[in-house]
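Colleague: The structure is given below, and queries will be raised subsequently.
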Amino acid sequence: MIAGPAALVAAATLILGLFVSGIPIFLAFLAVNLIGIWAMLGAPAFPMLINSMFATTTNGQLTAIPLFVLMGEILFRSGATERIFEAVDRFIGSVKGRQYVLAGILSAIFGALSGSNMAVAAMMARTIFPGMVARGYDRRLSMGMILGGASLAPVIPPSVLVIIIATLANVSVAGLLVAGVLPGLMLAGLFIGYAMLRIRLNPALAPESTGPARALPIGRAILFCLPFFGLIVLVLGLILMGIATPSESAAIGVTGALVIAGMFRKLTVNLLTDALRAAALMTAMILIIMASSTLFSQLLAISGASRQITALVTALDLSPGLMVLAMMLIVFAFCMFVDQVAVMLIVIPIYLPVITLLQIDPLWFWMMMLLNVTVGGITPPFGYAMFAFRGAAQGVSMSELFQASWAFVGLFVVGMLILSAAPWLATWLPGFV
Amino acid sequence: MNGSGPDIPRRRGRTPVIVSVLDRVTDASLWIAMAALAAIFLAYNVEVVLRYGFDSPTRWSAEFVSYFLLVASFAAMPRLTRDGGHVAVTVLLEKLPLSAQKLAAIAIAGLGAMICIILALIAAEETLRQMERGVRMMAAVPVPKAAISGWMVWGLALAALQFLRLAMSDSARFTREARA
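Top to bottom, those sequences are chains A and B.
Here our numbering runs 493 ahead of the position in the first sequence, where the first position is 1.
Here our numbering runs 5 ahead of the position in the second sequence, where the first position is 1.
Now the structure itself:
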């Protein structure tokens, strides 16, 4: 029987090898788990894999995933996005560099709506980016603002990635969801502050402001925003006040999204079936990967690897700060090449005993980890949000996107340093849950 | 080979009956997944209304939504497979020459079919065992476990067939192009 660190190294090497070979992630996990069971326990233990898949896909906490996805799908199809666009455009007014602010804020809002950084990057690359370039805004800074803003999608609730992390790491889903509010807003502020600073240092980066595209009355702009912000406040408020679980809040959110679609006269059978179809496919994609990977952590425990990792960490005798830094650097490097969900599924079972041993606040740690994996979406060479941007925008090269994204990767690192210095940013709001 | 030359273009345009049936079953399965999602949404809303409006929470909603989650995940899996919607890290694969990419796609689909069929068989054996022993869920409403785990067999088996179909169609296309 393979045991201890040898099992861990063998499993991690095999999984990463399978990932980069282009095999779907769920198949890679299934293959490694089948081999692991066969090598450690023998063929009669194969039903363990089926039982763990059953347990994962019947985990009630995870029902929040399809419901939040469904809420986003309905809202995106409801016409709310166009109205938010107009309203935010009106609120920003005539500030120099207003389109950078608009790109940052809209990316963050649409990220919260959809939960997908790739979807937002593609949408913004198609809609707002060409206009920015045509008006004389700096291409790289425009790309960076959109990519940075889109990357907030998994941080600002509701977020599917948060539900996955919280479930795997055994922390409160509600707690981790609301923990993302302040770090998300802080990062959005950092991005906008950075753009303003760059314009101040080099005014040529933005043309003279021409004001909003349409002279929308302020009252109407507020009215346009009310349904969307009301829905987000309702969903988060129910969680924060402990009235409803994240799944129940998500279901109420779906009801609210249907009401909004009705208000905008977009509620049709086609909208419902399209939204349900997209949500069902997304749910299957996420849940099948999670179900396939769950046994991985149990096999690590059976092989003794989890125990040995804890022993190794104890023997290293590093300070918790250094240990956290080392763990974050490993994930940062992985996320440059591998999908963020896949990375989380590998590292969470490995890191879990370590943070328990070091008595690190789990909410703070997993929020730091969330920021770390999120930045993987815009980190060269394999940041998926950049691929989505390039696919949607005309005449944008990868090298341009790489150059545009580094500054925002740096801002994410600054954000993580701020969160290290002020952990209350992540732990204050969850205190109310 | 009987009339292989002129027959090829005609065959290319026509979907074999077995593939057509597979596609219809796969599409029907996706509708089941969509219905399961709608049921999750409705169950939670009923629960919230009954709990806060009438102070009488249901005994069944928490359990049923979790069963529907499994149904939604596995019933949508075959269509996800057919659409090539599973997440994969394809960046390095895309750097390969086109012929190597096609061969890799055939190998990956073949591996997918193999793994899914192995798991479908294990799940089927487990489901049969649950049926024979009359295993029920430990819940307020003790539903037979096989009625839920049967959806795993369904999803995995159909996904295996879709992977197989992808492997075969990719392989046929590759052979045709190599001959041409």
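Glycine included, every Cβ here is placed at the ideal spot set by N, Cα and C.
With a threshold of 8 Å, are at least 3 pairs of Cβ atoms found where one atom belongs to the stretch 41-58 of chain B and the other to the stretch 117-136 of chain B?
Modeller: Contact between the stretch 41-58 of chain B and the stretch 117-136 of chain B is absent, because fewer than three Cβ pairs lie under 8 Å.
Colleague: Can you look up residue 720 of chain A in the DSSP assignment and give me helix, strand or coil?
Modeller: Translated into positions along the first sequence, residue 720 of chain A becomes position 227. Reduced to three states, the DSSP call for residue 720 of chain A is helix.
Colleague: Helix, strand or coil: how does DSSP classify residue 173 of chain B here?
Modeller: Position 168 of the second sequence, counted from the start, is the residue given in the question as residue 173 of chain B. Looking at residue 173 of chain B - three-state DSSP - the assignment turns out to be helix.
Colleague: For the structure I just gave you, are there three or more beta carbon pairs, one from the stretch 516-523 of chain A and one from the stretch 774-794 of chain A, closer than 8 Å?
Modeller: Verdict: yes, contact present.
Colleague: Per DSSP, which residues does residue 141 of chain B bridge with? Please list them.
Modeller: By 1-based counting over the second sequence, the position of residue 141 of chain B is 136. In the DSSP output, where bridge partners are listed per residue, residue 141 of chain B has B/149.
Colleague: Given residue 113 of chain B, which residues of its chain have a CB within under 7 Å of its CB, disregarding the five upstream and five downstream residues?
Modeller: Taking the second sequence and counting its residues from 1, one reaches residue 113 of chain B at position 108. There are no such residues.
Colleague: Taking residue 857 of chain A as part of the alpha helix (DSSP H), name the residues at either end of that continuous run.
Modeller: In the first sequence, residue 857 of chain A corresponds to position 364, counting from 1. Its alpha helix (DSSP H) spans residues 855-868.
Colleague: So residue 781 of chain A contacts chain B; which residues on that side make the cut at Cβ distance below 7 Å?
Modeller: Taking the first residue of the first sequence as 1, we reach residue 781 of chain A at position 288. Correct list: 78 and 82.
Colleague: Evaluate residue 566 of chain A with the Cβ neighbour count: other Cβ atoms within 10 Å of its Cβ, from every protein chain shown; 16 or more gives buried, anything less gives exposed.
Modeller: Residue 566 of chain A sits at position 73 when you count from the first residue of the first sequence. By the 10 Å Cβ count, residue 566 of chain A comes out buried.
Colleague: Quick check on the DSSP output: the alpha helix (DSSP H) that includes residue 63 of chain B runs from which residue to which?
Modeller: Position 58 of the second sequence, counted from the start, is the residue given in the question as residue 63 of chain B. It is not in any alpha helix (DSSP H) - residue 63 of chain B carries neither H nor E in the DSSP assignment.
Colleague: Using the Cα positions of residue 623 of chain A and residue 718 of chain A, report the straight-line distance between them to the nearest angstrom.
Modeller: Here the question's residue 623 of chain A lines up with position 130 in the first sequence. Here the question's residue 718 of chain A lines up with position 225 in the first sequence. If I take the Cα positions, the gap works out to 25 Å.
Colleague: Quick one: list the residues of chain C neighbouring residue 30 of chain B, beta-carbon separation under 9 Å, in chain order.
Modeller: This model lacks chain C altogether, as its protein chains are A and B.
Colleague: Looking at the structure shown, is residue 810 of chain A part of a helix, part of a strand, or coil, going by DSSP?
Modeller: Against the first sequence, residue 810 of chain A aligns to sequence position 317. Residue state, collapsed to three classes: coil.
Colleague: Nearest by alpha-carbon distance to residue 510 of chain A: which of B/93, B/34 and B/79 is it?
Modeller: If you number the first sequence from 1, residue 510 of chain A lands on position 17. Considering only alpha carbons, the answer is B/93.
Colleague: Where does residue 755 of chain A fall in DSSP's three states?
Modeller: As a working mapping, residue 755 of chain A is identified with position 262 in the first sequence. Looking at residue 755 of chain A - three-state DSSP - the assignment turns out to be helix.
Colleague: Please report the Cβ distance between residue 857 of chain A and residue 919 of chain A, rounded to the nearest whole angstrom; I am assuming they are in contact, meaning their Cβ atoms lie under 8 Å.
Modeller: In the first sequence, counting from the first residue as 1, residue 857 of chain A sits at position 364. In the first sequence, counting from the first residue as 1, residue 919 of chain A sits at position 426. Residue 857 of chain A to residue 919 of chain A, Cβ: 5 Å. Contact.
Colleague: Please go through the same chain and pick out, in chain order, the residues whose beta-carbon is closer than 7 Å to the beta-carbon of residue 737 of chain A, but skip the five residues on each side of it.
Modeller: Residue numbering aside, residue 737 of chain A sits at position 244 when the first sequence is read from its first letter. Contacts found: 731 and 745.
Colleague: Mark residue 794 of chain A as exposed unless 16 or more other C-beta atoms lie within 10 angstroms of its C-beta, in which case mark it buried.
Modeller: Along the first sequence, one-based indexing puts residue 794 of chain A at 301. It counts as exposed.
Colleague: Give the residues of chain B in contact with residue 551 of chain A, contact being defined as C-beta atoms less than 8 Å apart.
Modeller: Taking the first sequence and counting its residues from 1, one reaches residue 551 of chain A at position 58. Result: 71, 72, 74, 75 and 153.
Colleague: Is the Cβ of residue 117 of chain B closer than 8 Å to any Cβ of chain A?
Modeller: Here residue 117 of chain B corresponds to residue number 112 of the second sequence, with the count starting at 1. Judged by the 8 Å Cβ criterion, residue 117 of chain B is in contact with chain A.
Colleague: Look at the alpha carbon of residue 516 of chain A and the alpha carbon of residue 760 of chain A, and state the distance between them as a whole number of angstroms.
Modeller: Position 23 of the first sequence, counted from the first residue, corresponds to residue 516 of chain A. Position 267 of the first sequence, counted from the first residue, corresponds to residue 760 of chain A. Their backbone Cα atoms lie some 39 Å apart in a straight line.
Colleague: Would you mind giving the Cβ-Cβ distance between residue 658 of chain A and residue 837 of chain A, rounded to the nearest angstrom? I have them listed as a contact below 8 Å.
Modeller: For the purposes of this step, residue 658 of chain A is taken as residue 165 along the first sequence, with counting starting at 1. For the purposes of this step, residue 837 of chain A is taken as residue 344 along the first sequence, with counting starting at 1. Confirmed, Cβ separation roughly 6 Å.
Colleague: Quick one: is residue 157 of chain B near chain A, going by C-beta distance under 8 Å?
Modeller: Locating residue 157 of chain B in the second sequence gives position 152, counting from the first residue. Yes - at least one Cβ of chain A is within 8 Å of the one on residue 157 of chain B.
Colleague: For residue 518 of chain A, go through chain B and note every residue whose CB falls closer than 8 Å to its CB, in chain order.
Modeller: One-based indexing of the first sequence puts residue 518 of chain A at position 25. Ordered by position in chain B, the residues that pass the 8 Å Cβ test against residue 518 of chain A are 91, 92, 93 and 94.
Colleague: Counting contacts by CB-CB distance shorter than 8 Å, is residue 757 of chain A in contact with chain B?
Modeller: The residue labelled residue 757 of chain A in the question sits at position 264 within the first sequence. False, the Cβ-Cβ gap to chain B never drops below 8 Å.
Colleague: Counting only Cβ pairs nearer than 7 Å, list the residues of chain B close to residue 513 of chain A.
Modeller: Here residue 513 of chain A refers to the residue found at position 20 when the first sequence is read from its first residue. Per Cβ cutoff of 7 Å: 94 and 97.
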